[in-house]
Amino acid sequence: MKNSTRVPNSLNLLVAIKIAVIEPVLQPSMTTVLAEVPRVRSSKYGNITCRVWVKEALLKLDELGYIKLIKTVEWIEDDAILKAGGNRPRGVRTVISSSGSEA
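Heads up: the sequence shown is residues -19 to 83, going by the numbering used here.
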């Protein structure tokens, strides 16, 4: 997996979803947790992609108590796809809070 700094300007980015607010004191340890999320084939989701990595990361952050998911990762993904699909024909990008987590 390669790093990218172009995501905010990507024409493919249609929706950003806020999952949680992380207290500044927790950010360094959360960064360590995220660095340890595997970047290889996922036993749960299959071949690694950005989407698969995010799903694995959400599960790990929920498991360790950094975030609190109240819906499944699959539900959050489906909601993001639905919101993005609504934005595409209108040519807009939005940032929303997920109703699948307690932010």
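A virtual CB, placed ideally from N, CA and C, is assigned to each residue, including glycine.
Since the structure is predicted, the reported quantities are computational estimates derived from the model, not experimental observations.
Extent of the continuous beta strand (DSSP E) run through residue i
i: VAL75; result: 74 to 77
Whole-angstrom distance between residue j and residue i, CA atom to CA atom
i: LEU(-7); j: TYR25; result: 22 Å
i: THR74; j: GLU57; result: 15 Å
i: LYS35; j: VAL53; result: 6 Å
i: LEU39; j: SER(-10); result: 26 Å
i: PRO100; j: ALA15; result: No answer is possible for residue 100: it lies beyond the span of the chain, which begins at -19 and ends at 83.
i: ASP59; j: GLY71; result: 18 Å
i: ILE76; j: GLY65; result: 14 Å
Per DSSP, cross-strand counterpart(s) of residue i
i: LYS(-2); result: SER77
i: SER23; result: Bridge partners of SER23: none, in fact.
Cutoff 7 Å; reference residue i; Cβ partners in own chain excluding five residues on either side
i: GLU82; result: LYS48 and ILE50
i: ALA37; result: LEU14 and VAL17
Closer than 7 Å: residue i CB and nearest the ligand PLP heavy atom
i: SER79; result: Looking for the ligand PLP in the displayed structure turns up nothing, as the structure carries no ligands at all.
Residues of its chain near residue i, where Cβ-Cβ distance is below 8 Å and the 5 sequence neighbours each way are ignored
i: TYR46; result: ALA0, ILE2, LEU6, MET10 and VAL13
i: ASN67; result: LEU(-6), VAL(-5), ARG73 and THR74
i: ASN27; result: ARG21
i: SER23; result: none
Neighbourhood of residue i by C-beta distance below 6 Å, restricted to the same chain and skipping five residues each side
i: ASP42; result: LEU49
For residue i, the first and last residue of its enclosing alpha helix (DSSP H)
i: PRO8; result: 7 to 15
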